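Enquirer: Let me give you the structure first, and then I'll get to my questions.
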Amino acid sequence: MGVALRDILTDLKRPAEADELKGVAAIDAFNALYQFLSIIRQPDGTPLLDDSGRITSHLSGIFFRTANFLTQGIRPVFIFDGKSPEMKGRTIQERRDVREESKEKWDQAKKEGDLTGAFRYAMSSTAIDAYILSSARQLIQLMGLPVVDAPSEGEAQAAYMVLQGDADYVVSQDYDTLLFGTPVLVRNLTISGKRRLHGRQITVQPERILLSDVLSTLAITREQLIEIAILTGTDFNPGIRGIGAKTGLKKIKSGEFDSIIREKLPDFDPEPVRSFFLNPPVTDSYTLDPGRIDRDGIRAFLCDEHGFSLDRVDPVLDKISKKEKQKTLESWF
DNA sequence: CCCTGAGA
DNA sequence: TCTCAGGGG
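Below is the structure:
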């Protein structure tokens, strides 16, 4: 679920204007899939399913949102996770436990006719398995968009690509990419800007966070931001009870990092976590060349294979193609 | 999440 | 043009 830095970052989010979003967006694929799978559900929590009972929520999310991105001048690149580091094992196990428990509670809530509970438990029972990953990847590639395989954490690879100048910003709901050093993080990147909350619709602006703003406003270094995260807990280490982002910030500023770790977590060596954030495994072997949209392939995949309505898919394909033609025309002049 | 259609 | 309700697969 990422790192709990929200309490010290709230003042640093700024609404992102459309102009600031044009360019190459390095999307944390796992994070995006998780969002789609947890939210795109019926009121009782059931996800969208095709005739064979396979989940299609993520395909709907990717297709419609990505199409919007393209028309807005956003060029998405999807970064998929590689092999998780050993030290993430505990987090992975914890997430699995929560999922299993939520699945049972979801069933229970459905039986009791508790829709609010059903939806909430369905959300936290969201799982990303091999089918989800391969079908998502297939659709992305049919849309002619680049896929990058991270050697390890996708967020680290995404941050690296922004640092290299190959992408303009990272898209994720989590703040971890800031620890991995991305200069720009964009959260809530949706076009409609609308989100349903408790049945009501509220508007959510995409927000942009600059690492330089974070560090200068808090008057800390990236290393110190990482230390705050280590105190509150990351995917790679459990945090210290009673220390949140605000307390962590204070402790770091008064130089208490080492002493607190020694006192509260005597058996924990923070060094591997620190160096993982500072120097994660990343790769240079990726290409961001735009492919072509395979309209027939998309129709076959979404409509024939997964039961999407042609009436909904075709207009979107037209919209994308129109934009693509515009761009090739522009490049002539 | 996103889209569509109805009604203002 | 906008908001809202309903449904998508």
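Positions 13 to 345 (my numbering) are the ones given, in order, by the first sequence. Even glycine gets a Cβ: it sits at the ideal position worked out from N, Cα and C. Predicted, not measured: the structure shown is a model, and the values here were computed from it.
Where are the alpha helix (DSSP H) runs, 4 residues long or more, that stay fully inside the stretch 294-324, in chain order?
Expert: Entirely contained in the stretch 294-324, the alpha helix (DSSP H) runs reaching 4 residues are, in chain order, 307-310.
Enquirer: Indicate the three-state DSSP secondary structure (helix, strand or coil) for N80 in the structure shown.
Expert: Three-state DSSP puts N80 in a helix.
Enquirer: Are the beta-carbon atoms belonging to D93 and G166 less than 8 Å from one another?
Expert: Yes, these two residues count as a Cβ contact at 8 Å.
Enquirer: Closest to L243 by CA distance: which of S228, K262, W118 is it?
Expert: Of S228, K262, W118, the residue nearest in Cα terms is K262.
Enquirer: Residues bridged to N43 by DSSP?
Expert: In DSSP, N43 forms no bridge with anything.
Enquirer: So if DSSP puts I86 in a beta bridge, which residue, or which two residues, is it bridged to?
Expert: BP columns for I86 point to G35.
Enquirer: Using CA atoms only, rank isn't needed, just tell me which of T22, I74, V15, T83 is closest to K337.
Expert: It is T83.
Enquirer: Report the rounded CA-to-CA distance for R102 versus G245, giving the unit in angstroms.
Expert: Using only the alpha carbons, I get a separation of about 12 Å.
Enquirer: Could you work out which residue in D180, S137, G156 is closest to Q47 when comparing CA atoms only?
Expert: Closest by alpha carbon: S137.
Enquirer: Check F92 in the structure and name its three-state DSSP category.
Expert: Here F92 sits in strand by DSSP.
Enquirer: Based on the DSSP secondary-structure assignment, which residues constitute the bridge partners of R26?
Expert: BP columns for R26 point to R220.
Enquirer: Check the DSSP bridge columns for T2 and list the partner residues they point to.
Expert: What the structure shows of the chain is the stretch from 13 to 345, and residue 2 is not part of that stretch, so it cannot be assessed.
Enquirer: Going straight from the alpha carbon of I74 to that of D119, what length do you get?
Expert: Each residue's Cα considered, the two are about 27 Å apart.
Enquirer: Using a 10 Å radius around the Cβ and a threshold of 16 neighbouring Cβ atoms, would you call R199 buried or exposed?
Expert: By the 10 Å Cβ count, R199 comes out buried.
Enquirer: Count the other CB atoms, across all protein chains shown, that sit within 10 Å of the CB of Y172; report buried if there are 16 or more and exposed otherwise.
Expert: Counting Cβ neighbours within 10 Å, Y172 comes out buried, since at least 16 surround it.
Enquirer: Leaving out five residues before and five after V183 in sequence, what residues of the same chain have Cβ atoms less than 6 Å from its Cβ?
Expert: Closer than 6 Å at Cβ, skipping near neighbours: A37, I39, V198, L201.
Enquirer: Report all residues from its chain with a CB closer than 7 Å to the CB of I273; omit the five preceding and five following residues, and keep chain order.
Expert: Correct list, in chain order: F280, P282.
Enquirer: In whole angstroms, give me the CA-to-CA distance for D109 and R53.
Expert: The alpha-carbon atoms of D109 and R53 are separated by roughly 22 Å.
Enquirer: For Y133, name the three-state secondary structure that DSSP assigns.
Expert: The answer is helix: DSSP assigns Y133 an H, G or I state.
Enquirer: Just to confirm, is the Cβ distance from F313 to L61 under 8 Å?
Expert: Cβ atoms of F313 and L61: not closer than 8 Å.
Enquirer: Using only alpha-carbon positions, find the residue among P250, R149, L145, A162 that is nearest to Q105.
Expert: Of P250, R149, L145, A162, the residue nearest in Cα terms is P250.
Enquirer: What first and last residue would you give for the alpha helix (DSSP H) that runs through D109?
Expert: From DSSP, the alpha helix (DSSP H) with D109 extends over 101-123.
Enquirer: Report, in whole angstroms, the separation of the C-beta atoms of L300 and P158, which I expect to be a contact under 8 Å.
Expert: Right, the Cβ-Cβ distance comes to about 5 Å (below 8 Å), so this counts as a contact.
Enquirer: State the DSSP-derived secondary structure class of D62, mapped to helix, strand or coil.
Expert: Three-state result, D62: coil.
Enquirer: Would you tell me roughly how many angstroms separate the C-alpha atoms of Q176 and P292, rounded to the nearest one?
Expert: For Q176 and P292, the distance between alpha carbons rounds to 14 Å.
Enquirer: Using only the alpha-carbon positions, how far apart do A162 and Y298 sit?
Expert: Whole-angstrom Cα-Cα distance: 9 Å.
Enquirer: Enumerate in chain order the residues of its own chain whose CB-to-CB distance from V351 is below 8 Å, with the five nearest sequence positions on each side excluded.
Expert: Nothing can be reported for residue 351, as the shown portion of the chain is limited to 13 through 345.
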